[in-house]
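Anchor point for the sequence shown: position 173 equals 173 in the working numbering, and the numbering is continuous, going up by one each time.
Right, one structure below, let's go through it.
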Amino acid sequence: MTKIVAFGCSYTYGHGLHDCHDGKTNGAGPRPSNYTYVQHLARMLRIKTTLNLAEPGVGNKYIMHKIDTNLHNIDKEDLVIIQWSFIERHSILHNSEDIKNLGPWMNKGDKISTGYYKHLYSEYDHRKHTGWYINCANAMLKHNGVMQVINTEPPDQGFDKSIIIDQDNYWEDCLAKHKVDQALDNNHPGLISHREYAEAMYLEHKHKFVKWNTISG
1 MTKIVAFGCS YTYGHGLHDC HDGKTNGAGP RPSNYTYVQH LARMLRIKTT LNLAEPGVGN
61 KYIMHKIDTN LHNIDKEDLV IIQWSFIERH SILHNSEDIK NLGPWMNKGD KISTGYYKHL
121 YSEYDHRKHT GWYINCANAM LKHNGVMQVI NTEPPDQGFD KSIIIDQDNY WEDCLAKHKV
181 DQALDNNHPG LISHREYAEA MYLEHKHKFV KWNTISG
């Protein structure tokens with residue numbers, strides 16, 4: 001393995017951790033945190049390089065788009081971690097860079113988001129699409145020879161994993177389930193949560209890391 005490449009939303013970005021917190025706005029910092037579960041896992045696996053491509057506030061359509069537009073940054077030997085986001089989020093892609101991200105929290109000040117969730121949003125539709133996004137992302141990565149992939153469960157209790165084609169790289173766990181402390185923004189998972197989640201990921205996938213020659217048996 002040459003590096004870990006991670007995709008996701010604010011959880012993977014590390015929003016609220018001490019090096020990724022804007023005290024004035026309570027928002028995320030300009031760069032991903034160096035203390036997320038991604039970095040903890042890298043140290044456990046003795047991998048020196050991480051590429052955290054997560055972004056705060058994005059949904060699963062955007063994450064799939066991010067994977068698609070960054071395939072050139074992923075080597076066949078890399079470990080790819082995809083922390084799928086909340087199913088209710090949505091994106092409208094005008095082109096590869098002009099993207100409108102929508103979320104229920106935007107409803108008071110964003111007419112497009114308000115209109116979407118009032119007239120178009122369907123929970124069933126979003127759950128189905130999330131499954132398709134996961135399948136599509138897996139297919140794109142495999143087509144490019146990237147086989148060392150961990151997909152995490154979206155933080156949605158009603159998500160049906162049976163729609164996922166490749167069950168072997170799908171993990172029914174997510175950072176939200178390991179939230180035991182708060183970050184500085186009093187919303188996102190804190191340092192202990194990230195560390196414990198990395199430990200859980202390592203133990204759950206240790207047999208794969210051995211198989212992938214990342215660690216010895």
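Yeah, the Cβ is synthetic: ideal placement off N, Cα and C, and Gly gets one too.
Asked, Found
"7 Å Cβ cutoff met for K220 and V146", "With the chain running from 1 to 217 in the structure shown, residue 220 is simply not present."
"Nearest residue (CA-CA) to D125, options N60, I67, Y197, D68", "N60"
"C-alpha distance - G57 paired with E88, whole-angstrom precision", "11 Å"
"Buried/exposed call for E172, threshold 16 Cβ in 10 Å", "exposed"
"Run of the beta strand (DSSP E) containing L141, from where it starts to where it stops", "Looking at the DSSP string, L141 is not in any beta strand (DSSP E); the run it does join, the alpha helix (DSSP H), is 123-143."
"Exposed unless 16 or more other CB atoms sit within 10 angstroms - verdict on D68", "exposed"
"Helix, strand or coil at T49 [DSSP, three-state]", "coil"
"Three-way DSSP call (helix, strand, coil) for P104 in this model", "helix"
"Terminal residues of the beta strand (DSSP E) in which A6 lies", "4-7"
"Beta-carbon contacts of Q167 that lie in its chain and below 8 Å, excluding the five residues immediately before and after", "K161"
"Buried or exposed (CB count within 10 angstroms, at least 16 for buried), E204", "exposed"
"Whether L79 touches I4 by CB criterion (7 Å)", "yes"
"Close beta carbons around R195, own chain, < 6 Å, minus the five adjacent residues each side", "H40"
"Residue span of the alpha helix (DSSP H) that contains N60, given as start and end", "60-68"
"Own chain partners of N218 with C-beta closer than 8 Å, once the 5 adjacent residues on each side are dropped", "The requested residue 218 is not part of the displayed model; the chain covers only 1 to 217."
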